[in-house]
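Residue numbers (my numbering): 445 to 1075. Positions of the beta carbon are idealized from the N, C-alpha and C atoms, including for glycine. Step one of this worksheet: look at the structure below.
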Ligand code: WT7
């Protein structure tokens, strides 16, 4: 990843200063003042934030830190949906729009806070009716429709732990996640709609649950006419199951440390990690960052273009913005369909004020040219954000000038599935530095260190670490606490994020990319080992190694090196077959761009594939230390 390290950029010190009105009117006020207040008394800082929310019973302690385990808001009782829904309904905001959804062909659905609450309560009662209890796991595998939001909130309402699996994953990936979580119920839809075409989601679920004994019921949202057939007893219709249930469903009393959800993310082994987030700290962390990073005000219309199936959607479509009481816009439309103006037309139509997207989308728009955004009126935009991978300076400039019209501050937010909430950014009103995400948000402590944990000199590369616990941090990895401990023991007393970074002389942090075997493709986190196991599960493949290659649009693309078994020969058909195999096992997001057939892979004496060597060779670079390479 060191190829991203641009010394000139680090030394240059170029800034953009936002209009002072932004700071004057922001929830945060002055960054340094807020940060100093936090440092002076971290617990008082988080206690003040938590007091803005509703609790059934207050906490005995803000935090208890028994390295590497944290408890936040000890013994407090709450329900996150009471904060995301009832709190607004009971405070004269029941008619405020909570959710606006746009589908293809002009389809639109609008939910007020009251209506969203009513749907959530009915669906929650439906889940109860079919036997879902507090602590049970429910897998949600749905397209980007309001029912996905309703399903997640309904689980939270009754204390069931949701595990949302992004609709782009294939049957094997879905099966693995259902099995690991031992999900009792799977909630899905007949189809997703993408670029005018129907994607058969239910068929993938049918395959995924063939070997998943924990699953008792499948709930199907049927979007297509005529309605698809469903199994008379095991399968239930999303809306039919909501009939004949009581309207009211009081929020389940949850301990602050009860699990809220599991979300699987790629790790450096083939097995995905089930990141566990809990109710209290996660609520406080996502509420706080939604309010202060996006500076959400009552009149804002907030659009985060992620899918709820990723952590970005969990935290910044659903829990954070709804806890703030925002109007949230969501859309099933891709940025390039029916044409490259689709998202800009939605901003104009809906008068979006705060827009949050990913560098991969921004770079795609750059390629399409300014004509597309320039066709639309984007004056409603107030703040624009980025997440998922480094926002390189070229993309920053384009986003700032062409979309933000030199007027909107950019919040480039660094965080992870594991952190649950945003950790580093440039807070509203502060000067922005292209190529640099910014500084730790008040409430968070970070540093850039060497392998022994010693801070590196400014302007030099090191490992990004978090130095103290934060409320929305992961509590463990589901059924794999040993692996959780690694985050905190790789470097003593620090959380190691797995990213390389540089801290400038001004304290601004530039993220360079992953330091481990994870490739970020179009903002999606993909483990090399996951793709390798998928390839090796094909009957023709003996061995496989996968690397990330810099890609002007996707950030990285995947290249696979494959050794075929005897009796199988490289051919275009073989390549297509292997690509199809990866597609149906993990999903389209993990498909290699390139497959090269080889006879041998570089390995250490202990048999570990040295992807670093493959990568260096591929990029015409020095492979560095190869002393552990066999022969
Ligand atoms: C990894 C986490 C957090 C939601 C999306 C991804 C990379 C994330 C940035 C950013 C540079 C970023 C990191 C991180 N990343 N945001 N603003 N600048 N890199 O969540 O799938 O858990 O991936 O995404 O490499 O470790 P995730």
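- Every residue whose beta carbon comes nearer than 7 Å to a heavy atom of the ligand WT7 appears here in chain order: 709, 754, 755, 756, 830, 831, 832, 833, 834, 835, 856, 857, 858, 859, 860, 861, 862, 881, 941, 942, 943, 955, 957, 958, 964, 967, 968, 969.
- The residue from 583, 504, 934 with its alpha-carbon nearest to that of residue 625 is 583.
- Excluding five sequence positions before and after residue 696, the CB atoms of its chain that fall closer than 8 Å to its own CB belong to 523, 578, 601, 602, 603, given in chain order.
- Cβ contact annotation for residue 902 (same chain, cutoff 7 Å, sequence separation greater than five): 947, 948, 949, in chain order.
- If you look at residue 729, you'll find it in the alpha helix (DSSP H) that goes 723–737.
- Looking at 907, 769, 856, 874, the one whose alpha-carbon comes closest to that of residue 497 is 769.
- The residues 597, 600, 601, 695, in chain order, have a CB closer than 6 Å to that of residue 525 in the same chain once the five nearest residues on each side in sequence are set aside.
- Unbroken beta strand (DSSP E) stretches of 3 residues or longer found wholly inside the segment 897–940: 905–910, given in chain order.
- In the displayed model, residue 576 falls within coil according to three-state DSSP, outside both helix and strand.
- Going by beta carbons, residue 831 and residue 738 fall outside the 8 Å limit.
- The DSSP assignment places 786–794, 803–812, 815–818 as complete runs of the alpha helix (DSSP H) inside the segment 771–822, in order along the chain (cut-off: 4 residues).
- By alpha-carbon distance to residue 804, the top candidate from 689, 964, 722, 742 is 964.
- If you draw a straight line from the Cα of residue 883 to the Cα of residue 922, it is about 31 Å long.
- Between residue 555 and residue 500, the alpha-carbon positions lie close to 26 Å from each other.
- Every unbroken stretch of the alpha helix (DSSP H) spanning 4 or more residues and falling wholly within the segment 631–689 is given here in chain order: 645–652.
- The residues 499, 500, 501, 697, 698, 699, 700, in chain order, have a CB closer than 8 Å to that of residue 521 in the same chain once the five nearest residues on each side in sequence are set aside.
- Residue 791 and residue 824 do touch by the CB rule: their CB atoms are close to 7 Å apart, below 8 Å.
- In the DSSP assignment, residue 953 falls within the beta strand (DSSP E) that extends over 953–958.
- Distance from the Cα of residue 458 is smallest, within the candidate group 1019, 1037, 837, for 837.
- Nearest to residue 888 by C-alpha distance, out of 479, 471, 1021, is 479.
- Counting other Cβ atoms within 10 Å of its Cβ, residue 1068 stays below 16 and is therefore classed as exposed.
- With fewer than 16 other beta carbons inside 10 angstroms of its own, residue 986 counts as exposed.
- Residue pairing by DSSP places residue 869 opposite 883 in a beta bridge.
- Residue state for residue 720 is assigned as strand, using DSSP reduced to three classes.
- A straight-line Cα-Cα distance of about 39 Å links residue 1038 and residue 734.
- Annotated three-state conformation of residue 748 is strand, per DSSP.
- Taken through DSSP and simplified to helix, strand or coil, residue 858 comes out as strand.
- Of 758, 897, 937, the smallest CA-CA separation from residue 719 is found for 758.
- Sequence-distant partners of residue 788 (beyond 5 residues in either direction) whose C-beta falls short of 8 Å from its own C-beta, in its chain, are 816, 817, 819, 820, 822.
- For residue 996, the number of other beta carbons within 10 angstroms of its own is below 16, and it is reported as exposed.
- Distance from the Cα of residue 829 is smallest, within the candidate group 795, 854, 981, 793, for 854.
- Residue 846 sits in a helix when the DSSP states are folded into three classes.
- The beta carbon of residue 846 sits closer than 6 Å to the beta carbons of 814, 817 from its chain, once the five residues preceding and following it are set aside; these are given in chain order.
- Contact between the segment 737–753 and the segment 636–654 is absent, with fewer than three C-beta pairs closer than 8 Å.
- Judged by DSSP secondary structure, residue 1059 falls within the alpha helix (DSSP H) whose first and last residues are 1055–1062.
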